[in-house]
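To start, the structure itself, in structure tokens.
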């Protein structure tokens, strides 16, 4: 989660794959509508970040995700993991749905 924004997320550089236990997969059984940000519409919005639909997010989001301050030189869309939904290789459209709990 990007600090200062309600529903803006970006891929973590130090993040790794997070195994979801079999009994927790239903927590991710829905699609979250999103928009891939180009980084030019507003200052501080990193290129390649995802704006998620706030109605599809948990009420206490700050408890679930720690906020981060992105570096000044934001990453280009092409540098993002192509397996990641919303990145150029993972989803060719700029709008779509992130399907959680599904293998890419």
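In this note's numbering, the protein residues as written are 5 to 108. We treat Cβ as the ideally placed atom computed from N, Cα and C, and that holds for glycine. Remember, predicted model here, so these are calculated numbers, not experimental data.
Between the region 25-41 and the region 51-69, the count of C-beta pairs closer than 8 Å reaches three or more; the two stretches touch. In the DSSP assignment, residue 65 falls within the unbroken alpha helix (DSSP H) covering 65-68. In the three-state reduction of the DSSP assignment, residue 61 falls in the coil class. Counted as a single uninterrupted DSSP element, the stretch harbouring residue 75 is not any beta strand (DSSP E), since DSSP gives it neither H nor E. Taking 8 Å as the cut-off, the Cβ atoms of residue 12 and residue 49 count as close. The continuous beta strand (DSSP E) containing residue 40 extends over residues 35-40.
For residue 55, the uninterrupted beta strand (DSSP E) segment begins and ends at 54-56.
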